[in-house]
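Colleague: Before I ask anything, let me first share the structure, which is written out below as structure tokens.
2 protein chains.
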Amino acid sequence: MGARPQPAIVLVRPQLGQNIGKAARAMLNFGLTDMRLVAPRDGWPNPDAGPSASGADLVLERARVFDTVQDAIADCSTVYASTVRRRDLVMPVLHPEAMAAEIVASPAPCAILFGAERSGLETDEVALANAIVTVPINPEFASLNLAQAVILLAYEWSKHGSLAVPPEKALEPAAPHSELEGLVKQLEGELEAKGYFHPPSRTPATKNTLRTIFTKTGWSSREVKAVRGVIRALVGPARTRGKP
Amino acid sequence: MGARPQPAIVLVRPQLGQNIGKAARAMLNFGLTDMRLVAPRDGWPNPDAGPSASGADLVLERARVFDTVQDAIADCSTVYASTVRRRDLVMPVLHPEAMAAEIVASPAPCAILFGAERSGLETDEVALANAIVTVPINPEFASLNLAQAVILLAYEWSKHGSLAVPPEKALEPAAPHSELEGLVKQLEGELEAKGYFHPPSRTPATKNTLRTIFTKTGWSSREVKAVRGVIRALVGPARTRGKP
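The following block contains the structure:
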């Protein structure tokens, strides 16, 4: 995960332990571990949190509890308030992408505030933030729950780190043109032998069409070899196999 | 959400109705409405889905059920398999951002496959896709559930909403998946007749390889037709032509 700045995830007056657990899981999926709880309704620790965290116990164990939002963000330089609602506050409203870019560029600690499940953040809590961060959502169906809001912002943040490197093996490079040329020639030869090109006047156009079809494929050397084997098999005699 | 291309969300063998409901909610938050269910474990409709959808009933009501993945994606030209796992398949692996950009630029229908809650997608299901889409995730805690995977991909897709849809290029659109399927089946049949698949223990892997090779091509309907003609010519008897 490296040492790049990691925002604190501040849950303000969260109600259900289950949702705190789900938020922890969402965080750890993208490498966030600094959870802060402001006045959790049912106290802390909460026995419902663990089972919902699906193994993100580390986040729950390290979670710190504060009485007020001010206390929770005392060490943070830049604070974002996650809310989808329009507010009467005159504040910058950022897309998650822009927020993530700011956080990663910031030399000082940042925090993201998330409101209670039903009521969200109070106006005076939003006012503590430097900016609002809003996930643009279907205006006819805005139903983002706490863990979903957390995971989307954590995901945007994670894009700036080492996680963003695709974990899978690099795709095989496309075969050099000479290999495709070999494939095309083989195919032409076999089709010629079968009397495929007819009438002669249209043969050049047909060959161009085939060439276009077989060179636009992006096949790797390995794949070109496999296709050449397929052509050989198609034109060859049927084989009954069974010997070692 | 406008008329830009919307990917179908294909849930393959989903187990809990609750998770189908959560996926529907995740979809509608970002304006996606085309849900397809392949062999849902507990049948369909499922009484557990509605309550978890939190009002996204429209998505559930419109959901269509299919017996096989092939049936579910028959009308789709480009198919993405959502999986975090390493596979023995040599396929492009895309970041959600790249996938979203491709979907929005595609003039033809696309689909995203999601596997069952525990087991994920089978290798031969992944092989049906044109590319894998992977959310880069904390390697030490990879615990993305179905609805979370859906919401992250839906979110990336939704980002393109305010952008102008690029003008469709004059290029022929990629053939729908059912046509590629026809080509693959024809090829398999002919190769089978030639005794190409040997030994039997490796046949499934060989078939997956061939499927991957022939579905990554981006061939149009016209080109698929031409390739099928080529296969027929290769396996047929040599013809001497000369008559008008």
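Sequence order for the protein chains is A and B. Going by the numbering used here, the first residue of the first sequence is number 54, and it counts up by one from there. Going by the numbering used here, the first residue of the second sequence is number 54, and it counts up by one from there. Positions of the beta carbon are idealized from the N, C-alpha and C atoms, including for glycine. Note that this is a predicted model, so its numbers are computed, not measured.
For a contact meaning CB atoms closer than 7 Å, what does B/ALA246 contact in chain A?
Modeller: Correct list: ALA291.
Colleague: I need the straight-line Cα distance from A/TYR133 to A/ALA164, nearest angstrom please.
Modeller: When rounded, the distance between both Cα atoms is 6 Å.
Colleague: In whole angstroms, what is the alpha-carbon distance linking A/TYR249 and A/ALA151?
Modeller: In a straight line, the C-alpha of A/TYR249 is about 59 Å away from that of A/ALA151.
Colleague: Sorted by chain position, which residues of the same chain lie with C-beta nearer than 6 Å to B/GLY168's C-beta, five sequence neighbours on each side aside?
Modeller: Taken in chain order, the residues that qualify are VAL65 and LEU174.
Colleague: Quick one: grab the DSSP three-state call for A/LEU69.
Modeller: Here A/LEU69 sits in coil by DSSP.
Colleague: Using only CA atoms, which one of A/LEU181, A/LEU197 and A/THR268 lies nearest to A/VAL188?
Modeller: Checking every option, the nearest Cα to that of A/VAL188 belongs to A/LEU197.
Colleague: Taking Cβ-Cβ distances shorter than 8 Å, what residues in chain A pair up with B/GLY108?
Modeller: Within chain A, the residues near B/GLY108 are PHE194 and SER196.
Colleague: Take A/MET144 as the anchor and find which of A/ASN183, A/ALA158, A/GLU155 and A/VAL122 has the nearest alpha-carbon.
Modeller: Nearest C-alpha to A/MET144: A/ASN183.
Colleague: Please tell me whether A/LEU240 and B/VAL146 are closer than 9 Å, where the distance is taken between their beta carbons.
Modeller: Contact: no.
Colleague: Determine the extent of the beta strand (DSSP E) in which A/PHE167 is found, giving its start and end residues.
Modeller: Segment 163 to 167, the beta strand (DSSP E) holding A/PHE167.
Colleague: Count the other CB atoms within 10 Å of the CB of A/ASN82; is the residue buried (16 or more) or exposed (fewer)?
Modeller: When all chains shown are included, A/ASN82 counts as buried.
Colleague: Let me make sure I understand the geometry here. Which of B/ALA79, B/GLY108 and B/GLN68 has the alpha-carbon closest to that of B/LEU15?
Modeller: In this structure chain B extends from 54 to 297, so residue 15 of chain B is not present and cannot be described.
Colleague: Which residues in chain B sit within 9 Å of A/SER274, going by Cβ to Cβ distance?
Modeller: Here the premise fails: no neighbours, minimum Cβ distance about 11 Å.
Colleague: What number of angstroms, rounded off, separates the C-alpha of A/ALA286 from the C-alpha of B/ARG171?
Modeller: The alpha-carbon atoms of A/ALA286 and B/ARG171 are separated by roughly 40 Å.
Colleague: Straight-line CA distance for B/VAL186 to B/HIS148?
Modeller: B/VAL186 and B/HIS148: Cα-Cα distance of roughly 6 Å.
Colleague: Taking 9 Å as the CB-CB cut-off, is A/ILE73 touching chain E?
Modeller: Although the question refers to chain E, the structure presented lacks it and instead comprises the protein chains A and B.
Colleague: Look at A/ALA200 and A/ASN72 and say whether their C-beta atoms are less than 9 Å apart.
Modeller: Contact: yes.
Colleague: Alpha carbon to alpha carbon, how far is A/VAL288 from B/LYS212? Give it in angstroms, no decimals.
Modeller: Between B/LYS212 and A/VAL288, the C-alpha separation is close to 50 Å.
Colleague: Hey, does A/LYS260 have any beta-carbon neighbour from chain B nearer than 9 Å?
Modeller: So, not an interface residue.
Colleague: Please name the residues in the segment 73 to 96 of chain A whose beta-carbon is closer than 8 Å to at least one beta-carbon of chain B, in chain order.
Modeller: Listed in sequence order: ARG78, ALA79, LEU81, ASN82, PHE83 and GLY84.
Colleague: Under a three-way DSSP split, which group does A/ARG117 fall into?
Modeller: Here A/ARG117 sits in strand by DSSP.
Colleague: Can you list the residues of chain A that B/GLU243 reaches, using a CB-CB cut of under 7 Å?
Modeller: The answer, in chain order, is LEU287.
Colleague: Label A/GLY84 either buried or exposed according to how many other C-beta atoms from any shown protein chain fall within 10 Å of its C-beta, with 16 as the threshold for buried.
Modeller: Result: buried.
Colleague: With 9 Å set as the bound, which would you pick, yes or no: does the beta-carbon of A/LYS222 sit closer than that to a beta-carbon of chain B?
Modeller: Low confidence applies here, because A/LYS222 scores a pLDDT of 45, under 50, leaving its location unreliable and the question unanswered by this model.
Colleague: Determine the extent of the beta strand (DSSP E) in which B/ARG89 is found, giving its start and end residues.
Modeller: Its beta strand (DSSP E) spans residues 88 to 91.
Colleague: Report yes if the CB atom of A/PHE194 is closer than 9 Å to the CB atom of B/GLY74, and no otherwise.
Modeller: No.
Colleague: Can you tell me where the beta strand (DSSP E) holding A/VAL179 begins and where it ends?
Modeller: Premise fails: A/VAL179 lies in the alpha helix (DSSP H), 176 to 179, not in any beta strand (DSSP E).
Colleague: For the segment 184 to 236 of chain A, which segments carrying the alpha helix (DSSP H) assignment without a break, of at least 4 residues, lie completely within its bounds, in sequence order?
Modeller: Segments of the alpha helix (DSSP H) lying fully in the segment 184 to 236 of chain A: 199 to 211.
Colleague: Between A/VAL280 and chain B, is the shortest Cβ-Cβ distance under 9 Å, so that the two count as touching?
Modeller: Yes, A/VAL280 counts as interfacial toward chain B.
Colleague: Pick from A/PRO93, A/LYS269 and A/ILE62: whose alpha carbon is nearest that of A/PRO229?
Modeller: Of A/PRO93, A/LYS269 and A/ILE62, the residue nearest in Cα terms is A/LYS269.
Colleague: Who does B/THR262 pair with in a DSSP beta bridge?
Modeller: Per DSSP, none; premise fails for B/THR262.
Colleague: Expressed to the nearest angstrom, what Euclidean distance is found between the alpha-carbon atoms of A/THR293 and B/GLY242?
Modeller: So the alpha carbons of these two residues sit roughly 15 Å apart.
Colleague: Can you tell me whether A/SER254 is helix, strand or coil according to DSSP?
Modeller: Note: A/SER254 maps to helix in three-state DSSP.
Colleague: Under 9 Å between C-beta atoms, does A/TYR133 make it to chain B?
Modeller: False, the Cβ-Cβ gap to chain B never drops below 9 Å.
Colleague: List, in order along the chain, the chain A residues whose C-beta lies closer than 7 Å to that of B/PRO100?
Modeller: None at all; the shortest Cβ gap to chain A is about 20 Å.
Colleague: Please check the pair A/PRO233 and A/VAL277, which I expect to be a contact at CB under 8 Å, by giving their CB distance rounded to whole angstroms.
Modeller: For clarity, residue 233 of chain A is Leu in the given sequence; the question names Pro instead. Right, the Cβ-Cβ distance comes to about 6 Å (below 8 Å), so this counts as a contact.
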